[in-house]
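K.L.:
Questions regarding the structure given below will be posed in turn.
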Amino acid sequence: MPLWKIYHPSGAFSADDKQELAEQITNVYAAVPIPRFYAVVIFEEVVRGNCFVGGVRNDKFIRFKVDQIARTLPGPIIREWWMRTLDEVVAPFVKARGFDWEISIDETPFDLWSLQGELPPPFESIAEKRWVAENKASPYTYPEKLPAGHFLLTPGVTG
Numbered sequence: 001m002p003l004w005k006i007y008h009p010s011g012a013f014s015a016d017d018k019q020e021l022a023e024q025i026t027n028v029y030a031a032v033p034i035p036r037f038y039a040v041v042i043f044e045e046v047v048r049g050n051c052f053v054g055g056v057r058n059d060k061f062i063r064f065k066v067d068q069i070a071r072t073l074p075g076p077i078i079r080e081w082w083m084r085t086l087d088e089v090v091a092p093f094v095k096a097r098g099f100d101w102e103i104s105i106d107e108t109p110f111d112l113w114s115l116q117g118e119l120p121p122p123f124e125s126i127a128e129k130r131w132v133a134e135n136k137a138s139p140y141t142y143p144e145k146l147p148a149g150h151f152l153l154t155p156g157v158t159g
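If you read the sequence shown in UniProt numbering, its first letter stands for residue 1, the second for the next number, and so on.
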């Protein structure tokens, strides 16, 4: 989480552009916070003449296809805020350069994901905080699945 596939015309981005955009994308997710290594960005060049929008050739179109796994977006206000945030991240690389673009996000189940053979730890758990600090996946213990910091237990119900 997330996997960004960026389909773009050949030559749309320099090596420095790709590095900067990948860093900007990673930074927005790291602010959540999630481990930086969760963010994967793949640039896919589309050869001139191989992109059509509405049946019409478009050599100035960029498609951002995003798969998000580690977090889901709860509700329409957060979803709108997130889409606007991502548009702000990519705008200097597309809008300012005269490209047409679109972003779409798929949210896939958290429990159908692993990294280096490890299932990702629960949100805001001790293990996830360690993964953020170490910036890598590593084994964790059952107690590390507990929330980081102080948490309260509530009375149980019997009967």
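Note that the Cβ used here is the ideal one computed from N, Cα and C, for glycine as well.
(1) Counting only runs that start and end within the UniProt domain "Tautomerase cis-CaaD-like" (1 to 136), where is the alpha helix (DSSP H) found for 4 or more residues in a row?
(2) Leaving aside the five residues before and after A127 along the sequence, list all residues of the same chain whose C-beta is less than 7 Å from its C-beta, in chain order.
(3) Can you name the residues that DSSP bridges to P143?
(4) Quick test of the definition: if touching needs 3 or more C-beta pairs under 8 Å, does the stretch 13 to 24 touch the stretch 33 to 47?
(5) Mind the definition here: the stretch 50 to 57 touches the stretch 66 to 80 only if three or more C-beta pairs lie below 8 Å; say whether that holds.
(6) Restricting to Cα atoms, I'd like to know which of M83, K129, E134, Q116 is closest to A148.
P.N.:
A quick look at the data gives this:
(1) 15 to 30, 76 to 90, 126 to 134
(2) P121, Y140, E144, K145
(3) In the DSSP output, where bridge partners are listed per residue, P143 has none listed.
(4) yes
(5) no
(6) K129
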